[in-house]
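What follows is a single structure, written as C-alpha cells, with notes after it.
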Amino acid sequence: MYTFVGMPENATLLRAEGLRREVAGRELVREASFTLRSGEVVAVTGPSGAGKSTLLRLLNRLDEPAGGAVWLQGRDTREIEVRELRRRVGLVMQGANLFPGSVAENVGYGPSLMKTAPAGRWRDEAEQPGEAVGLVEDLLATVGLAGYAERDVAGLSGGEAQRVSLARTLANHPQVLLLDEPTSSLDEAAKRVVEEALRAAMAKVEGACLLVTHDAAQAARLAHRTLKMQDGVLRDSVLCGEAERGSR
Amino acid sequence: MAHLAAAGWWTESQVALGLWQALVVCVLALAVAALGSWSRLELGRETAVALVRGLGQMTAVGLVLVWLLRGEAWWSAPALLLMCAAAAHMAHGRLRPKRSAAGAARGSGTAPAAPPFSYAICLRAIATGSAVVIAAMSLCGVIAIKATALVPLGSMIIANSMNTCTQVLERFASDLRLNSGRVEAALALGASGRQAAQPYARNAIGSALIPSLNSLRSLGIVWIPGFAAGMLLAGSEPVYTAIYQFVVIAMIYAASGLTALVAAWEFERVALAGERLAMR
Chain A
3 MYTFVGMPEN ATLLRAEGLR REVAGRELVR EASFTLRSGE VVAVTGPSGA GKSTLLRLLN
63 RLDEPAGGAV WLQGRDTREI EVRELRRRVG LVMQGANLFP GSVAENVGYG PSLMKTAPAG
123 RWRDEAEQPG EAVGLVEDLL ATVGLAGYAE RDVAGLSGGE AQRVSLARTL ANHPQVLLLD
183 EPTSSLDEAA KRVVEEALRA AMAKVEGACL LVTHDAAQAA RLAHRTLKMQ DGVLRDSVLC
243 GEAERGSR
Chain B
4 MAHLAAAGWW TESQVALGLW QALVVCVLAL AVAALGSWSR LELGRETAVA LVRGLGQMTA
64 VGLVLVWLLR GEAWWSAPAL LLMCAAAAHM AHGRLRPKRS AAGAARGSGT APAAPPFSYA
124 ICLRAIATGS AVVIAAMSLC GVIAIKATAL VPLGSMIIAN SMNTCTQVLE RFASDLRLNS
184 GRVEAALALG ASGRQAAQPY ARNAIGSALI PSLNSLRSLG IVWIPGFAAG MLLAGSEPVY
244 TAIYQFVVIA MIYAASGLTA LVAAWEFERV ALAGERLAMR
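These protein sequence lines are chains A and B, in that order.
Heads up: take any position in the first sequence, counting from 1, add 2, and you land on the working numbering.
Heads up: take any position in the second sequence, counting from 1, add 3, and you land on the working numbering.
Quick look at the structure:
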C-alpha cells in the first residue's frame with residue numbers, strides 16, 4: 003500500500019503514557035497510553051466529544067497535559083523546545099485555516115519561520131535558486147494541486163484548501179503527522195480526493211501518522227490499526243482490514 | 004439684603020453659567036442616547052451615569068486645580084500618577100467581560116476563555132506611553148516644568164493613552180479570538196506566539212492610532228483644538244499658539260503610539276504564553 007522512508011520499520015517513534023487533560027473540572031482525556039511505531043498509520047476513532055482532538059493537541063503541546071508524558075524517539079517531549087517539537091510532530095487541523103495570500107505563501111510558511119523571513123520572501127531566499135519553488139511544486143503535486151502555487155487561497159474549494167493545509171504541514175518534513183478529522187467538513191467526492199492526497203502524504207512522511215476520525219470506514223481504508231476512544235478513555239487497538247491486507 | 008446679594012452672585016457667576024451649560028448639553032446627550040435605543044443600542048443608562056460622573060469629576064477637579072495650580076511643580080508628579088492609575092482602572096473596567104457574560108461562559112462549559120486582560124497590562128501601557136512623552140518633553144523644555152502646564156497637558160496625554168489602550172486591547176483580543184484557528188495553525192507549524200499574533204497586533208495598533216493620526220492630519224483644516232482658545236484668552240501670541248497646538252497633538256500621538264505598542268506587546272505575552280493561545 004504505502005511505505006515510509008528514513009526510519010527502521012517497527013521502531014517505536016512516539017510513546018504516550020498516562021496522558022490526562024482536564025478543563026474546568028471535566029476530564030477530556032483519561033490516562034491515555036499508546037505507542038506509534040515507525041511506518042505505522044494509526045487511526046483514533048470514536049464519537050464526537052470523546053476526546054480525540056484533545057489527545058492530538060497534547061502530542062504537539064498545543065495543550066498542556068494535566069498528567070502523563072510523551073516520548074518522541076525516546077526523548078521526553080517536555081525536554082524538546084516546543085517550536086521544534088511542533089515542526090517534528092506536524093498537525094493538520096479539522097479546518098484548513100489558511101493564511102490570507104497565495105497557495106505558495108501558505109505552503110512556504112513553516113520553512114520561512116526557520117529562515118526568520120516573512121512567508122512571501124521565503125522563496126526568494128532559498129539557498130539554491132529554484133529550490134524553494136521546486137519544494138512547493140513538489141508538495142502541491144503530492145496533494146494533487148500541481149500548478150496551484152500562485153492562486154489566491156480565497157478562491158479555493160473546501161477540499162482544495164484542506165489539501166493546501168496538508169502540503170503546508172508536510173513542508174516542515176514532520177516525523178509524525180497528526181491528522182485531525184481532515185475530511186469531516188467535506189462532501190463525499192471531495193473526501194475521496196483528500197483521502198488520495200492523504201495516502202500520498204503518508205507515503206512522504208518519514209515516520210508515522212496518527213489519524214483522528216469518527217468515520218470507521220475511513221479508518222479501515224487508511225490505517226493499519228485503530229484505537230477506539232470514548233469518554234476520554236483510549237481502548238485497545240484493533241488491526242484494520244484494507245490497510246492491513248495491503249501491507250501483507 | 005445679604006441673601007439677595009448672594010443670589011445675585013449666584014445668578015451672575017461663571018459657576019452658575021457652567022452648570023446651566025452642562026444641563027443643556029446633558030439633555031442633548033441623553034436625547035442622542037434615547038435615539039440610540041430605537042436601534043436597540045441600550046446606551047441610556049450608561050450615558051446618564053457617564054454624564055453625572057463626568058460632571059461630578061470635573062467639578063471636583065476644578066476645586067482641586069485651584070489648590071494644585073498654586074502649588075510647587077513636583078505636586079504634578081503624584082497627581083499625574085494618580086491619573087494614570089485611574090485611567091488604567093477605567094480601561095480595565097471597560098475591557099473586563101460583563102458579569103452576565105462571564106456567568107454564561109462558565110455555565111456553558113464550551114465557551115471560549117475570557118481574554119486575559121489585567122489592570123497591570125493597562126497600567127504599564129498607559130504609564131509607559133504617558134511618562135516617557137511627558138518626561139522627555141519636560142526635559143527638552145517643550146512642556147514648562149510647572150503645575151499649570153504639567154497637569155493639564157499631562158491629563159490630555161494620559162486620557163488619549165487610555166483610549167488607545169482600550170482600543171488596542173479590545174481589537175487585538177477580538178481578532179485573536181476570531182482567527183484562533185489561524186493562530187493555532189501558525190503555532191502548530193512552529194511559529195512563536197509573537198509570529199503567530201503579529202498580523203493581528205499590527206491591525207489592532209493601526210486601527211487604534213487612526214483617531215490620533217486623523218487629529219494630526221486634519222489639524223487647522225478640519226478642527227482647531229479648544230486648547231488654543233485658552234492660550235489666546237491668556238494673551239498668547241496667535242502664531243505661537245497655533246504651532247503649540249501642533250506640538251500638543253504630536254505629543255498625544257507619540258504617547259498613544261507608545262501606549263499601543265506596549266499594550267499589544269504585554270497582551271500578546273499573556274495571551275500566547277508558552278506559545279499557546281490562552282483564549283480559544
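Even for Gly, the Cβ is constructed at its ideal location relative to N, Cα and C.
Contacts with chain B at 7 angstroms (Cβ-Cβ) do not include G136 of chain A.
Check the Cα spacing between L181 of chain B and each of B:A258, B:L44 and B:P118: the tightest is with B:P118.
If you ignore the 5 residues before and after A204 of chain B, its C-beta comes within less than 7 angstroms of the C-beta of F175, A267 and E271, all in its own chain and listed in chain order. Bridge pairing for L181 of chain A: A:V94 and A:L213 [DSSP]. In terms of Cβ geometry, L147 of chain A and R165 of chain A form a close pair [threshold 7 angstroms].
With respect to chain B, the C-beta atom of R88 of chain A has a partner C-beta closer than 7 angstroms. Within the stretch 146-180 of chain A, the residues whose Cβ lies closer than 9 angstroms to any Cβ of chain B are, in chain order, S167, R170, T171, A173, N174 and L180. Secondary structure within the stretch 139-198 of chain A: the alpha helix (DSSP H) runs of 4 or more consecutive residues, fully enclosed, are 160-172 (chain order). G184 of chain B has a beta carbon lying within less than 7 angstroms of a beta carbon in chain A. Secondary structure of G70 of chain A (DSSP, three-state): strand. Burial state of I148 of chain B is exposed, judged by a 10 Å Cβ sphere holding fewer than 16 other Cβ atoms. Against chain B, the CB of L57 of chain A has no partner CB under 7 angstroms away; the residue lies outside that interface.
As a beta-bridge residue in DSSP terms, V25 of chain A pairs with A:R28. Remark: three or more beta-carbon pairs, one from each stretch, lie closer than 8 angstroms, so the stretch 173-193 of chain A and the stretch 208-227 of chain A are flagged as touching.
Relative to the Cα of R97 of chain B, the nearest Cα in the group B:A150, B:L84, B:A80 and B:Y122 belongs to B:Y122. Of all alpha-carbon atoms in A:L168, A:E162, A:A45 and A:P49, the one lying nearest the alpha-carbon of G92 of chain A is that of A:L168.
When Cβ pairs closer than 8 angstroms are counted between the two stretches, the stretch 13-21 of chain A is seen to touch the stretch 69-85 of chain A, the count reaching three or more.
With contacts defined by Cβ atoms closer than 7 angstroms, V138 of chain A and V109 of chain A form a contacting pair. A distance below 8 angstroms between beta-carbons, with the five flanking residues on each side excluded, links E152 of chain A to the following residues of its chain, in chain order: S104, V105 and A106.
Here DSSP, grouped into helix, strand and coil, assigns V28 of chain B to helix. By the CB criterion at 7 angstroms, A210 of chain A and L38 of chain A fall inside the cutoff.
Taking every protein chain shown into account, the CB of S42 of chain B has fewer than 16 other CB atoms within 10 angstroms, so this residue is exposed. When DSSP states are grouped into helix, strand and coil, R99 of chain B belongs to the coil group.
Its Cα nearest to that of L141 of chain A, the residue A:V207 stands out among A:V207, A:S159, A:R80 and A:P49. Of all alpha-carbon atoms in A:I82, A:K230, A:H175 and A:V94, the one lying nearest the alpha-carbon of P113 of chain A is that of A:H175.
One thing to note: A150 of chain B has its Cβ within 7 angstroms of the Cβ of G74 of chain B. Contact of L60 of chain A with chain B by beta-carbon distance below 7 angstroms is absent, the smallest such distance being about 12 angstroms. If you draw a straight line from the Cα of I255 of chain B to the Cα of V186 of chain B, it is about 32 angstroms long. Considering only beta carbons, no part of the stretch 222-235 of chain A lies closer than 7 angstroms to chain B. For the pair A37 of chain B and V28 of chain B, the Cα-to-Cα distance works out to about 14 angstroms. For E187 of chain B, the chain A residues whose C-beta falls within less than 8 angstroms of its own C-beta are L64, M95 and N99, listed in chain order. Residue pairing by DSSP places D78 of chain A opposite A:W73 in a beta bridge. According to the DSSP assignment, M159 of chain B belongs to the alpha helix (DSSP H) that extends over A150 to L181. When the five nearest sequence neighbours on each side are left out, the beta carbons in the same chain lying within less than 6 angstroms of the beta carbon of A94 of chain B are those of C125, M165, C168 and T169, in order along the chain. Burial state of A34 of chain B is exposed, judged by a 10 Å Cβ sphere holding fewer than 16 other Cβ atoms. The C-beta of Y111 of chain A has 16 or more other C-beta atoms within 10 Å across all chains shown, which makes the residue buried.
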